[in-house]
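J.: Structure provided below as structure tokens; questions to follow.
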Amino acid sequence: MDEYDYDRRGRSAGAGRRAGKSRDPEEEDDFDIREKNTGGHGTLQRLDSIQDPEKRYALKEVIGSGVCGDVYEAIDQQAGSKKVAIKIQKLTPETQALIVEEYRVLRDFAGHPNLPDFYGIYRRRSGKKTEYDQIWFVMELCEGGSVMDLVRGLIASNKKMREEHIAYILKEVIKALIHLHENNVIHRDVRGSNILLTKEGEIRLVDFGLSRMIKGELGKRNSCIGSPNWMAPEVVTSKAGGSDSGYGSRADVWAIGITAIELADGRPPFQDMHPTRALFQIVRNPPPTLYRQSNWSQNFNDFISECLEKNPDNRPFMAEIIEHPFLAELPENDYLLTQEIKALAMDVLEKGKAGRQPEAIVRKNLLKTHQTNPPEAMFTEDLAALEVLTEDAILDELQDRLQQGHFHTFVGDVLLILNPNERYDIYGAQDHTKYQCKSRSDNAPHVYSVADSAYQDVLHNEEPQHILFAGESNSGKTTNMLHAIEHLMFLGKANTGARLMKALKVIHVFSNAATPLNPNSTRCVLQTQTTYGSSGKASGAIFWLYQLEKWRVSTRDRNQSNFHIFYYLYDGLDAAGKLRQYYLPTGRRMRYLRISEKGNERKRSFKVRNDPDGNVTRFGVMKENLKIMEMEEYCETMWKILAAILLLGEIRFVEDSNGEAEMDSNETANRGGSKKVFLGSDQLLPDQKRSGRSQKAFVRGGKRGKRRLGEYDLSTTRGLAHQHDEPQIHGDSGDKYSISVLDLFGFECFAVNRIEQLFVNTTNEQMQCHYNQRIFAWEMQEQEEEDITVQKLHFYDNKDAIDRLMGKDNGLFHIIDEASRQLQDVQYIFGKIKERIQGIHVKQISSHEFTIAHYTGKIVYDASEISEKNRDFVPPEMIETLRQSSLETVKDMFTNKLTKAGNLTIVVDDPKTEEKKTPKSKWGVIMQETTKLRKYNTASKGQYSQTRKMRTCAATFRSTSLEILKSLLVGGGSGGIHFVRCIRADLEGTPQGFYRDVVRQQIRALAVLDTAKARQRGYPYRITFQEFLRRYKFLAFDFDENVEITKDNCRLLLVRLKMEGWIIGKTKVFLKYYNEEYLSRLYETQVKKIVKVQCMMRAFLARKNIANKVVNLKKQVGSEASVDKEEGAVDRHDARGSCADDTESVQGPCCEEGNGSVDEGRDGSGDEGLHQILQQQMEVEEHIPSPPTLPCSPLSRPRAIFATSTPVQSSDSGDARSDE
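Going by the UniProt record's numbering, the residue at position 1066 of the sequence shown is 1066; the numbering climbs one at a time, nothing skipped.
In structure tokens:
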């Protein structure tokens, strides 16, 4: 039986269906067409009749490996040892349809000169039920390999493919595709690796597994299938069964355009992206182009532009594109081109094979990367890209991604992070490099991506940036905040990065504590302002700490642990045997430590206090960090103050016989710890005995004074460490840019919620309100102002709740302030609430409880102690006594004024050093500082005396809230703010745990669904015409072109960049979030090109400078040698009495200079001296001034000129020559 006859008889062999299995729309059309051609017989019914190859073919080496199978070189032992290629695929239910289609195309159309010769099909039976049979396709052997092997080989040899060769290859492929399209077949997998070369340099298009029949010339398919980077937009968006959707043969034209880029650049667009992100880019952004369009002809660029028309109706057919001048201008006789390609392939083929890239195929929303790997589900990395947006769809996506180990997800440009409750190795050095100056879509979602975006924006847009973390307690905010700052220091190439991280750890020791929800909960608002110079290099950081939960020091709630520092200190001193030195008792039974019997306590809130061994280690780490911060001299003072605070907790007040308050424990008072720390005298505290209306008031006064003093001491001690910390991690004052990272206590709800939770939750309420304004309200307002059709964005507006809480006259905090100042109780507060606060947000529900309708839901608060706790005031007599302390640090703690935010100011005695001005160099001028950074808490910020006016926590809270919100008012739209929303995935801290209802409640509170809809429909980036053209005009206009600030020029810029989805208002450009990302990617790409040109220019100038110095030095050495020879000749002349011509001795060295200084070579000393001089000169030349900023650079960015000239050229010599 000859193979051709077998193929004819096997015409109806193909892929069938198992009984009872439903067809999808893609397969429905296939079966209808095949059954019509075969008289109604099922296409898979005769696969069993395919014969076995037995021993006819001897398999040799593997010459290709793909997603569907492997290709072997083989010997046909029945045809005179003819070399053939055999493609081997496993016959599985998933591959049956692919096998049948490939067989049919090879059988019916292999006669075309640009398609491979087909010799037959065989079935190798495994004989085992556990193994699949194999299908063998026997075809013509193309010994030249794929054209991509040729391209990669040329690049490895520092060459590139000529346009004539690219045009020839594409023209031959198009001929094959025209043949297929005329027969109503679309290929759907055209790419460089599927284009092969014969040994004679001829072109063959192969791999027809994804090919399908269409019904006529305008027929369409509906399945989303293909190799991701080559898929046309209509293929990506097609849906099975859609009446108006689908794609036809012009999808292959798009693939031809991508293949053209692949042949020119050596890689397809989006090669380094995950397929999910690549498909998003194909649909949302303008078509890709050549990396360096100026290096190629206009015809080639225009050919690619014609192929990559996003609208398929405007895209040419294959028969039309072959008439493009880029292809039509090729010589009719292509023999010379084939021979040139043949010669090139023979030279570089082996080099090219080494760089083969893994393949991938998308089919039915599954990603297949290797024939042995099961298909992977393609989860959406951007929730705003989901076609069906519901809470359940978002929950499904988040849960599936978490199970795959992906807990970062974007919602447009907002990052959503689920707490995985376990550590992942995704924060190493390679990850820092991976997220360095990249586009958001270049990598998987990550907190590094947010930090990278902020860093690029602060340099590109020249405005302060803020990264805001929000979420419930134990959702991972602090952990991710530390990762973000660490990456910012990496991007800024900071020498102070390590010290900054140490400083943050010290601050967390003083400001973090364990709660029933979180063993390491942030109990303050911490704003870390990282600063950068004009070059982008990090210069340090400033810490702004607000709203420290001071009540935690003296609270009677045993479920709430004290700040970590107290346990570290006590256990550390205990292990070192130094408790007596600080007058502390042994046994860990102090009141402020709140240590109970083990076994009866909750796990999280007692994790630190019940771990003395771990605390000893942590105390040592903290001391080492303080040493690194050069703060050892302050340690002893801090230890004494902290020990004194613990001792204050042991003091009890009782009524004496006269009805006055006195200390109950003389033994504790006489220990002298607090006495020696605060005063250095015999009196521990000022006299607390005073007359009053009732005896109970005296007792309460003593207790309040004790608690306030302890709380105040912790705050000022933390401030002491904080203020002395800042100068150690901050460089000179030449700061130009800043990126602030805001971390705060998460929203929390306990069995009993008090004033502490009221402050915490109100802060989160304000941050959510700010988020709503940024994401929703401001956009709708600006659309209306700009006469744009308003996109109605739905969201829960909590502004009314903020007004009821923070209102100046009728707000809850103002009412609490009144009660505190007038010494009123809770009934006064409830009376004012009923009188002044309208609506449903604040309601009394019992004699001592009220509810607040927060954005997360209603929370019940206990108001029994709220008025008393609100008094943030140490009695004046205590202050006056402590100001007499012999310790300067203690004296300053109680003498310096307080800021509006309640922080202690610091007096700077050192004279202010003048800022060094950078002189103008001949290469350009450093841009002037445009951003004013916030200053430290110096004496000039002191607003309030510690004794003259009673301060309240509510007043301080309102001031700090206003200060924080004012600092966030930068940029238009979402500009300048980067939101990170953290979600607690479960209640027990189980690794990869996912409690659906818990997550559902949080995504509602954080407005995740509304944000996704807003990002789909809205325009988060709204930029004025002036700013828009300032940033991006160099991307689309010539550098000598006068660009006026007009609406038409903004539109022209967007049209030239072929962007879609934008709208232009009266004064602003409205951009989708992916529009802004695309512009940022173009910006960074162009800047990198500029930097490369600058580096090459530096290298050229350096070489020229060195060459000139070498010539001058040689002349100098040569002239000195000539003088020596002349003097020697004169001496010999005088000795012999002869007359020699002096000119000869002078000209000799001149000629020798041109011949390489022969005398120097003989002597040797000249070379050695010249070498030493050149070596010194080379050391100097390492610091060559930067080249002039080119007109195409919108910013003078020395940041990008860190690399020296030599490494830039050696790393990419091929590209460097192209640039030249």
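Here a beta-carbon is modelled for each residue, glycine too, at the ideal position from N, C-alpha and C.
1) Helix, strand or coil, according to DSSP, for K60 in the structure here?
2) Report the CB separation of Y771 from F979 in whole angstroms; it is logged as a contact under 8 Å.
3) Going along the chain, which residues of its own chain have a beta-carbon closer than 7 Å to the beta-carbon of K1047, five neighbours each way excluded?
4) How about P228 and K310: do their beta carbons lie closer than 8 Å?
5) Under a three-way DSSP split, which group does S921 fall into?
6) Under the DSSP definition of a beta bridge, which residues are partnered with N419?
7) Compute the Euclidean distance between the alpha carbons of A1135 and L1113, then round it to the nearest angstrom.
8) Per the contact definition of three or more C-beta pairs closer than 8 Å, is the stretch 160-170 in contact with the stretch 96-107?
9) Helix, strand or coil for K199 per DSSP?
10) Within a Cβ cutoff of 7 Å, which residues of the same chain sit near T338, ignoring the five residues on either side of it in sequence?
11) Restricting to Cα atoms, I'd like to know which of P316, M346, K239, N299 is closest to L330.
12) I'd like the ranges of any alpha helix (DSSP H) spanning at least 4 consecutive residues and lying wholly in the stretch 96-146.
13) Is it the case that the stretch 1057-1073 contacts the stretch 1014-1034, given that we only count it when at least three CB pairs across the two stretches are under 8 Å?
14) Which two residues bound the contiguous alpha helix (DSSP H) that contains L965?
15) Pull up the DSSP beta-bridge partners for V411, would you.
16) Please give the ranges of any beta strand (DSSP E) in the stretch 318-381, keeping only runs that are unbroken, at least 3 residues long and fully inside the region.
17) Could you say if the stretch 617-631 and the stretch 564-574 meet the contact criterion of at least three C-beta pairs nearer than 8 Å?
18) Just verifying my parser: in three-state terms, what is the DSSP assignment at F813?
19) Rounded to the nearest angstrom, what separates E549 and V826 at their Cα positions?
20) Are at least three pairs of beta-carbons, each pair with one atom in the stretch 507-523 and one in the stretch 773-781, less than 8 Å apart?
21) Kindly provide the ranges of any beta strand (DSSP E) runs that are 3 or more residues long and lie completely inside the stretch 982-1030, ordered along the chain.
22) By Cβ distance, which residues of its chain are closer than 8 Å to Q1177, with the 5 residues on each side in sequence left out?
23) Buried or exposed for V62, going by 16 or more other Cβ atoms inside 10 Å?
24) Expressed to the nearest angstrom, what Euclidean distance is found between the alpha-carbon atoms of T956 and L965?
25) Tell me whether P93 is buried or exposed, calling it buried when 16 or more other Cβ atoms sit within 10 Å of its Cβ.
26) What are the residues that DSSP puts in a beta bridge with K87?
27) CB-CB under 7 Å to P275, same chain, minus the five flanking residues each way: which ones, in chain order?
28) Need the endpoints of the beta strand (DSSP E) that I507 sits in, please.
29) Taking 8 Å as the threshold (C-beta atoms), are H408 and H446 in contact?
30) Check whether the Cβ atoms of I322 and I174 lie closer than 8 Å to each other.
31) Taking the alpha carbon of T390 as the point to measure from, which residue in A1007, E486, E785, Y1032 has its own alpha carbon closest?
32) Taking only the alpha-carbon atoms, compute the straight-line gap between T1011 and W778 and give it to the nearest angstrom.
33) What distance in whole Å lies between the Cβ atoms of M629 and A503, which are believed to be in contact at a cut-off of 8 Å?
34) Considering just the uninterrupted stretch of the alpha helix (DSSP H) at E632, what are its terminal residues?
35) So what does DSSP say about H854, is it helix, strand or coil?
36) Would DSSP call A901 helix, strand or coil?
T.: From the atom records:
1) Here K60 carries a strand assignment [DSSP, helix/strand/coil].
2) The C-beta distance from Y771 to F979 rounds to 6 Å, short enough to meet the 8 Å contact threshold.
3) Result list for K1047: F1025, I1064, in chain order.
4) Not a contact, by the Cβ cut-off of 8 Å.
5) Annotation note: pLDDT 39 at S921 (below 50); position unreliable, coordinate value reported separately. S921 falls in the strand class under three-state DSSP.
6) N419 has R984 as its beta-bridge partners, per DSSP.
7) Reliability of the predicted coordinates at A1135 is poor, the pLDDT of 46 falling under 50, and the value obtained from them is presented with this limitation in mind. Just so you know, the alpha carbons of A1135 and L1113 end up roughly 33 Å apart.
8) Too few Cβ pairs lie closer than 8 Å, so no.
9) In the structure shown, K199 falls within a coil segment according to DSSP collapsed to helix, strand and coil.
10) Closer than 7 Å at the Cβ level, and outside the excluded window around T338, lie E200, G201, E202.
11) The shortest C-alpha separation from L330 is found at N299.
12) With a minimum length of 4 residues, the continuous alpha helix (DSSP H) runs that stay inside the stretch 96-146 are 96-109.
13) Judged by Cβ distances under 8 Å, the stretch 1014-1034 makes contact with the stretch 1057-1073, as three or more pairs qualify.
14) For L965, the enclosing alpha helix (DSSP H) stretches over residues 953-967.
15) Partner residues in the beta bridge of V411, as assigned by DSSP, are V414.
16) Entirely contained in the stretch 318-381, the beta strand (DSSP E) runs reaching 3 residues are, in chain order, 361-363, 366-368.
17) Segments in contact, yes.
18) F813: helix per DSSP, three-state reduction.
19) One C-alpha to the other measures close to 21 Å.
20) With a cut-off of 8 Å, the stretch 773-781 and the stretch 507-523 do not count as touching, because too few Cβ pairs lie within range.
21) Taking only runs of at least 3 residues, the beta strand (DSSP E) segments lying wholly in the stretch 982-1030 are 1021-1024.
22) Note on Q1177: pLDDT 47, under 50, position unreliable in the model; the coordinate value appears next. Within its own chain, the residues whose Cβ lies closer than 8 Å to the Cβ of Q1177, once the five positions on either side in sequence are excluded, are I1106, K1109, listed in chain order.
23) In this structure V62 is exposed. Its beta-carbon is surrounded by fewer than 16 other beta-carbon atoms within 10 angstroms.
24) When rounded, the distance between both Cα atoms is 14 Å.
25) So P93 ends up on the exposed side.
26) Answer is V71, F137, bridged to K87.
27) Answer for P275: P228, A360, V362, L367, M378, listed in chain order.
28) Counting along the chain, I507 falls outside any beta strand (DSSP E), though it belongs to the alpha helix (DSSP H) covering 497-511.
29) For H446 and H408, yes; Cβs fall inside 8 Å.
30) At the C-beta level, I322 and I174 come within 8 Å of one another.
31) T390 has its Cα closest to that of A1007, out of A1007, E486, E785, Y1032.
32) Approximately 14 Å between the Cα atoms of the pair.
33) Contact between A503 and M629 is confirmed by a C-beta separation of about 6 Å, below the 8 Å threshold.
34) Where E632 is concerned, the enclosing alpha helix (DSSP H) starts and stops at 632-648.
35) DSSP places H854 in strand when its eight states are reduced to three.
36) Judged by DSSP in its simplified three-state form, A901 adopts coil rather than helix or strand.
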